[in-house]
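Trainee: Structure incoming, see below.
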């Protein structure tokens with residue numbers, strides 16, 4: 001009896017190992033759990049991520065547009081910024097953003113630290129300035145103590161702020177999706193329809209751009225390869241950074257991880273549903289019209305990319321001091 | 001040795017019991033921890049509290065103006081509503097709001113359930129309607145399942161929404177402040193200055209209105225008893241509900257629990273700091289000008305009212321379905 005069980009276990013582990021080996025050859029790899037090197041820095045970064053005092057109005061935080069209750073996005077076509085201004089581009093998810101080879105749709109920031117400083121000072125977003133943000137944080141005793149503890153400094157600068165934010169954001173990975181369970185050898189993790197969707201995703205060419213652990217985020221590609229993309233959105237893509245006409249409409253390929261949660265889709269948020277997005281991608285990027293059945297298969301596969309969402313305790317932010325600069329939400 | 005210790009313990013417990021008895025006579029009583037009767041309902045209420053899809057824009061949730069990272073308030077003089085409209089009155093904290101005898105500054109809602117429906121449909125706040133909010137929630141499979149589980153219904157109405165919100169809000173109490181530790185007999189919980197502040201708070205009459213477990217929240221009182229209150233704010237107070245001229249500037253007395261976190265103060269948010277608030281209250285309500293030392297004592301006491309903030313895991317909100325009505329943040 002015991003021997004039979006041992007044989008069974010050995011046989012099973014061989015099957016799993018073989019499957020795992022085969023799936024290591026897949027173009028998408030599993031998301032690894034976060035390794036937290038400096039918990040205090042991560043905790044400070046979390047506070048800053050939820051900190052509306054980084055904005056001029058005292059109302060908008062990183063979490064406003066990269067809402068961690070909602071797949072790290074705001075689920076709006078264009079974000080709402082200071083004074084209800086309409087943002088120029090769809091907010092990408094912050095989840096797994098550490099896996100992006102560059103940051104922003106046009107790749108104008110080389111990493112999360114460089115990205116984090118942007119929205120604070122962007123007049124259409126948080127509309128503060130690095131100077132004001134530092135003045136606010138430096139006036140708050142709770143922050144002074146925490147920056148001192150984490151960075152050993154009495155002098156907070158934007159460098160420590162973006163380092164802490166990036167350290168927190170690096171923890172926002174979503175491992176253990178059903179697709180990753182399948183990649184790791186659990187054959188029962190996907191249904192027949194989902195697996196058919198994945199095979200179609202590979203065979204029809206989606207995977208040429210959506211590959212790697214993030215299923216995207218590792219190249220610039222042109223929006224509208226086969227058929228031009230029609231949009232009212234003014235974003236030029238990579239050309240805004242390089243000035244090169246050839247880079248017009250070249251955007252960083254978005255991750256498909258948690259794509260079920262990060263609607264609407266594309267840099268202009270024009271596609272409300274996964275079915276629409278799959279249809280448009282098929283026709284414009286691949287010159288292929290998916291049948292309703294094929295589309296349903298791919299959508300079913302895409303939904304298996306939803307990973308374990310970060311479990312976060314809501315931070316309690318330290319109180320302002322009497323001399324903390326007050327927010328200025330209204331012009332009058 | 002053992003006997004000595006027993007005597008010491010007995011003597012100490014007598015002292016503590018005597019102190020506790022004496023402090024039961026105090027005009028402010030300790031905050032009791034929340035008793036959670038229906039955890040699933042509370043969890044649903046938490047999701048709804050963080051749910052921006054209850055607003056027309058998909059951007060504003062209850063937590064936007066009653067931010068649980070910030071003492072349950074937004075720390076703005078007037079809140080920011082749909083389309084960046086300026087709210088008419090300072091957002092009161094949601095913390096310990098279950099202890100208020102009525103809700104809103106003018107008491108127009110009799111309880112948390114009645115309150116919760118207000119902001120959703122207020123065109124200056126979330127700018128949705130109960131109909132739209134229900135249509136949105138009913139379209140989301142995750143919510144349908146959760147309302148079914150909690151309320152046994154296939155038919156979500158605003159009644160279940162406000163019941164769940166109120167159930168969550170009832171858990172948002174902040175026990176175990178240093179002042180409550182003192183009330184329960186720990187003589188060392190307050191410093192000499194803080195205790196002097198409390199005695200002054202009692203002897204000068206503040207306690208006439210700020211009493212009970214919430215140190216407020218249990219009566220309407222006139223803003224400007226001795227000296228009229230000068231403000232640009234148009235709020236009429238209780239008169240807006242009763243129509244009675246005698247009720248002009250009668251407001252629900254705000255709780256002083258966590259007052260350190262809920263700046264700025266008064267219904268118009270005119271006082272940025274506790275020192276300003278104490279000074280104005282002294283002159284306008286009591287006809288008394290506190291010396292700087294007295295003011296510092298009272299402020300020190302007020303800061304002992306900061307209790308244990310609710311430890312909350314950020315909820316993960318269920319994804320919209322393809323037919324969920326999409327947010328309309330911008331007019332165009």
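Residue numbers (full-length UniProt numbering), protein chains in the order written: chain A, 1 to 332; chain B, 1 to 332.
All residues carry an ideal CB built from backbone N, CA and C; glycine is no exception.
The model shown is predicted, which means the values in this text are computed figures rather than measured ones.
Which of helix, strand or coil does DSSP assign to residue 1 of chain B?
Mentor: Per-residue confidence for residue 1 of chain B stands at a pLDDT of 46, beneath the threshold of 50, marking its modelled position as unreliable; the derived number appears in the next sentence. Three-state result, residue 1 of chain B: coil.
Trainee: Under 8 Å, Cβ to Cβ, is there at least one residue of chain B near residue 316 of chain A?
Mentor: Interface residue, yes.
Trainee: For the alpha helix (DSSP H) containing residue 41 of chain A, list its first residue and its last residue.
Mentor: Per DSSP, residue 41 of chain A belongs to the alpha helix (DSSP H) from 39–49.
Trainee: I'd like the span of the alpha helix (DSSP H) that includes residue 393 of chain A, first residue to last.
Mentor: Nothing in the structure corresponds to residue 393 of chain A, since chain A is present only between 1 and 332.
Trainee: Less than 8 Å between the C-beta atoms of residue 156 of chain B and residue 130 of chain B, yes or no?
Mentor: No.
Trainee: So with CB distances below 7 Å, who are the chain B contacts of residue 329 of chain A?
Mentor: Those are 76, 80, listed as they occur along chain B.
Trainee: Listing by chain order, which chain B residues have their CB less than 9 Å from the CB of residue 260 of chain A?
Mentor: 319, listed in chain order.
Trainee: Only counting the same chain, and skipping five residues up and downstream in sequence, which positions put a Cβ closer than 7 Å to that of residue 219 of chain B?
Mentor: Here the set comprises 209, 253.
Trainee: What is the rounded straight-line gap between the Cα of residue 72 of chain B and the Cα of residue 311 of chain B?
Mentor: Looking at the two C-alpha atoms, the distance is approximately 13 Å.
Trainee: With a threshold of 8 Å, are at least 3 pairs of Cβ atoms found where one atom belongs to the segment 132–145 of chain B and the other to the segment 26–36 of chain B?
Mentor: No, they do not touch.
Trainee: Do residue 90 of chain A and residue 78 of chain A have their beta-carbon atoms positioned less than 8 Å apart in this structure?
Mentor: Closer than 8 Å, so yes.
Trainee: Would residue 58 of chain B pass as an interface residue toward chain A - the criterion being a Cβ-Cβ separation below 8 Å?
Mentor: So yes, residue 58 of chain B belongs to the interface.
Trainee: Residues in the same chain with beta-carbon distance under 7 Å from residue 294 of chain A, minus the five sequence neighbours each way, listed in chain order, please.
Mentor: Correct list, in chain order: 200.
Trainee: Considering only the alpha carbon of each residue, which of A/239, A/53, A/74, A/112 lies closest to residue 168 of chain A?
Mentor: Of A/239, A/53, A/74, A/112, the residue nearest in Cα terms is A/112.
Trainee: Report the three-state DSSP secondary structure of residue 148 of chain A (helix, strand or coil).
Mentor: The answer is helix: DSSP assigns residue 148 of chain A an H, G or I state.
Trainee: Quick one, which of B/81, B/196, B/302, B/46 has its alpha-carbon nearest residue 163 of chain B's?
Mentor: Closest option to residue 163 of chain B, Cα to Cα, is B/46.
Trainee: Using the beta-carbon of each residue, which ones in chain B are nearer than 7 Å to residue 164 of chain A?
Mentor: In chain order: nothing, as chain B lies at least about 16 Å away.
Trainee: First and last residue of the alpha helix (DSSP H) that includes residue 221 of chain B?
Mentor: Run containing residue 221 of chain B: none in the alpha helix (DSSP H); it sits in the beta strand (DSSP E), 220–222.
Trainee: Within its chain, find whatever has a CB closer than 6 Å to the CB of residue 261 of chain B; leave out the 5 residues flanking it on each side and keep chain order.
Mentor: 71, listed in sequence order.
Trainee: Based on DSSP bridge pairs, tell me the residues matched to residue 67 of chain B.
Mentor: BP columns for residue 67 of chain B point to B/73.
Trainee: Which runs of the beta strand (DSSP E) at least 3 residues long sit entirely within the segment 223–284 of chain A? Give them in chain order.
Mentor: You should have 250–252.
Trainee: Could you have a look at residue 158 of chain B and say whether DSSP puts it in helix, strand or coil?
Mentor: It is helical.
Trainee: If you follow the alpha helix (DSSP H) that residue 131 of chain A is part of, which residue opens it and which one closes it?
Mentor: That run of the alpha helix (DSSP H) goes 130–139.
Trainee: Suppose contacts are defined by Cβ-Cβ distances below 8 Å. Is residue 126 of chain A in contact with residue 66 of chain A by that definition?
Mentor: Their beta carbons are not under 8 Å apart, which means residue 126 of chain A does not touch residue 66 of chain A by this criterion.
Trainee: 8 Å is my cut-off, CB to CB: does residue 265 of chain A come that close to chain B?
Mentor: For residue 265 of chain A, the answer is no, since every Cβ of chain B falls outside 8 Å of its Cβ.
Trainee: Is the Cβ-Cβ distance between residue 304 of chain A and residue 144 of chain A less than 8 Å?
Mentor: No, Cβ-Cβ distance for residue 304 of chain A and residue 144 of chain A is not below 8 Å.
Trainee: Could you name the residues of the same chain whose beta carbon sits closer than 8 Å to that of residue 153 of chain A, not counting the 5 residues immediately before and after it, in chain order?
Mentor: The residues are 147, 160.
Trainee: Given this structure, state the Cα-to-Cα distance separating residue 181 of chain B from residue 189 of chain B, to the nearest angstrom.
Mentor: The alpha-carbon atoms of residue 181 of chain B and residue 189 of chain B are separated by roughly 6 Å.
Trainee: With a cut-off of 8 Å, does the C-beta of residue 326 of chain A fall near any C-beta of chain B?
Mentor: It does; some Cβ of chain B falls within 8 Å.
Trainee: List, in order along the chain, the chain A residues whose C-beta lies closer than 7 Å to that of residue 273 of chain B?
Mentor: Those are 322, listed as they occur along chain A.
Trainee: As a quick exercise: from A/175, A/34, A/322, A/326, pick the residue whose alpha carbon is nearest that of residue 276 of chain B.
Mentor: Nearest option by C-alpha distance: A/322.
Trainee: Please report the distance separating the alpha-carbon of residue 58 of chain B from that of residue 52 of chain B.
Mentor: So the two alpha carbons sit approximately 5 Å from each other.
Trainee: Around the Cβ of residue 100 of chain B, are there at least 16 other Cβ atoms within 10 angstroms (buried) or fewer (exposed)?
Mentor: Looking at its Cβ environment, which holds 16 or more other Cβ atoms inside 10 Å, residue 100 of chain B is buried.
Trainee: With distance defined between alpha-carbon atoms, name the residue in B/213, B/31, B/248, B/84 nearest to residue 221 of chain B.
Mentor: When each option's Cα is compared against that of residue 221 of chain B, the closest is B/248.
Trainee: Measuring alpha carbon to alpha carbon, tell me which of A/75, A/251, A/202, A/35 ends up nearest residue 301 of chain A.
Mentor: Per the Cα distances, A/202.
Trainee: Quick one: Cα of residue 194 of chain B to Cα of residue 105 of chain A, how far?
Mentor: Spanning the two alpha carbons is a distance of roughly 54 Å.
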